[in-house]
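In this note's numbering, the protein residues as written are 23 to 491.
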């Protein structure tokens with residue numbers, strides 16, 4: 023497990039050319055299906071289309087960079103997840119990406135919603151999402167946020183500290199409310215992922231430690247509190263989890279606590295939330311399990327542990343975000359410059375600069391995340407060469423795609439599309455270097471609709487109180 027260098031992947035090991043998993047493609051124009059939304063394809067004219075729309079047409083109408091969201095793909099993934107996890111309560115994790123139009127799809131397709139800030143809760147409420155279907159997460163929720171959740175009547179609040187139990191109890195009494203709560207517990211599992219997105223080991227900010235006894239104490243306190251209704255336990259082991267093996271120890275430890283509560287406190291907890299973190303394919307090295315395989319694996323683990331403990335199987339819930347929205351979106355850029363950079367000896371690397379970067383996708387700099395890309399505006403007869411796609415920001419770590427094979431004739435004015443950008447790209451977007459954030463365009467059946475408009479300079483400057491009128 024490694025930390026990303028503050029300047030990003032540019033400062034990787036000496037002599038680095040391409041990672042061991044990246045191979046020159048047989049056809050540089052081919053799209054790798056598992057990386058793209060289900061409607062993406064390259065047409066006979068060489069242009070990439072998504073949702074029946076040519077990306078060149080979207081660029082001409084909406085500019086670049088632009089996030090392109092495939093509505094049919096998102097909704098089919100949501101339906102497939104609900105079908106595979108039938109019997110579970112499925113909460114879409116809004117932090118991955120959320121806007122009013124997408125919440126309409128989430129509600130219509132039968133998913134609940136998980137939010138983790140007052141702003142996310144505010145968006146959901148303004149969009150008309152049923153508060154009874156909302157779970158409110160977060161490790162440091164303010165009094166104002168908790169009061170808003172209580173007043174709205176959110177379905178459940180996930181508690182994260184002993185102080186929060188006390189605060190929520192006081193606020194609930196003032197509001198004459200009796201909220202349903204879950205306790206987030208830390209199971210001491212080291213998920214095989216980047217350390218910044220592994221969330222179940224002991225040395226991190228989330229949850230009540232099972233090993234340290236905090237989880238049992240928190241359970242006892244909530245059960246003794248007349249204002250709070252303990253709905254169950256919550257565990258989340260991290261993100262970009264490829265299979266169910268990482269859940270085995272986590273489930274065993276959470277259900278052991280569940281059984282102890284039943285035995286010693288005489289209470290059967292109704293629910294177990296297993297969290298989310300199901301991974302997607304960003305590059306050809308990634309091979310996530312299908313939804314039905316994940317669901318069966320989790321059911322089997324829970325059933326086995328419950329039989330071993332002699333307890334009834336609780337109601338189960340999960341919180342997918344990336345697994346549903348991640349592959350449904352791509353980001354469209356225009357190439358501005360290209361240059362060959364010497365690496366020593368005769369080796370060179372082609373640097374392709376685009377009109378976006380770390381302000382619309384911080385994940386490569388933050389997590390050393392890998393992405394793929396393709397030339398979207400045309401097909402090319404030229405051979406594939408190793409390239410690095412970089413952004414326009416004043417940072418050497420401003421890398422969009424660290425390693426990819428692109429046609430040798432890629433040039434200014436070409437369009438590049440990066441798949442798999444639905445999760446945590448627009449959500450983590452910033453105005454670094456005072457660059458406006460891109461808009462989000464939803465496509466379906468040959469039509470497009472702006473669902474988050476492109477930010478303007480006026481939008482950015484409106485908060486600067488010293489700006490002349």
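Glycine is no exception: its CB is placed at the ideal position from the N, C-alpha and C atoms.
Keep in mind that this is a model prediction, so the values were computed, not measured.
Put simply, of 166, 126, 230, 434 the residue whose alpha carbon is nearest the alpha carbon of residue 139 is 166.
As a beta-bridge residue in DSSP terms, residue 91 pairs with 351, 464. If you check the CB distance, residue 42 and residue 53 do not come in under 8 Å. Looking only at 136, 400, 143, the smallest Cα-Cα distance to residue 439 is reached by 400. Our two residues, residue 286 and residue 184, have alpha carbons roughly 20 Å apart in a direct line.
Taking one beta carbon from each stretch, the stretch 112 to 130 and the stretch 337 to 346 have 3 or more pairs nearer than 8 Å; the two touch. Just so you know, the alpha carbons of residue 146 and residue 125 end up roughly 7 Å apart. Between the alpha carbons of residue 193 and residue 291 lies a distance of about 23 Å. If the five residues before and after residue 51 are omitted, its C-beta is found closer than 8 Å to the C-beta atoms of 64, 68, 396, 397, 401, 402, 429, all from its own chain and listed in chain order.
Assignment of beta-bridge partners to residue 437 by DSSP yields 356. Shown here for residue 301: same chain residues with a beta carbon closer than 6 Å to its own, the five before and five after excluded, namely 262, 263, 264, 310 in chain order.
Taking a contact to require three or more Cβ pairs closer than 8 Å, the stretch 316 to 325 and the stretch 88 to 99 do not qualify as touching. Closest in C-alpha terms to residue 385, from the list 407, 317, 360, 420, comes 420. In the structure shown, residue 375 falls within a strand segment according to DSSP collapsed to helix, strand and coil. Cβ contact annotation for residue 243 (same chain, cutoff 6 Å, sequence separation greater than five): 187, in chain order. Residue 257 carries a coil assignment under DSSP once its states are collapsed to helix, strand and coil. Annotation: residue 235 to residue 448 spans about 38 Å, alpha carbon to alpha carbon. Beta-bridge partners of residue 161 (DSSP): none assigned. If you look at residue 474, you'll find it isn't in any alpha helix (DSSP H); it sits in the beta strand (DSSP E) that goes 469 to 474. When DSSP states are grouped into helix, strand and coil, residue 482 belongs to the helix group.
Pairwise C-beta distances place the stretch 193 to 210 in contact with the stretch 241 to 257, as three or more of them are shorter than 8 Å.
Within the same chain, Cβ atoms closer than 7 Å to the Cβ of residue 270 are found at 323, the five residues on either side in sequence being excluded. Contact check for residue 121 and residue 473: beta-carbon distance about 6 Å, within the 8 Å limit, so the pair qualifies. Residue state for residue 383 is assigned as coil, using DSSP reduced to three classes.
Assignment of residue 280 by DSSP, reduced to helix, strand and coil, places it in the helix class. The closest CA to that of residue 66, considering only 117, 87, 76, 393, is found on 76. Only exposed fits residue 456, as fewer than 16 other CB atoms lie within 10 angstroms of its CB.
Spanning the alpha carbons of residue 208 and residue 327 requires a straight line of approximately 18 Å. Residue 129 has its alpha-carbon roughly 8 Å from the corresponding atom of residue 152. Within a 10 Å sphere around the beta-carbon of residue 469 sit fewer than 16 other beta-carbons, which makes this residue exposed. The C-alpha of residue 295 lies about 47 Å from the C-alpha of residue 371. With 16 or more other Cβ atoms inside 10 Å of its own Cβ, residue 432 counts as buried.
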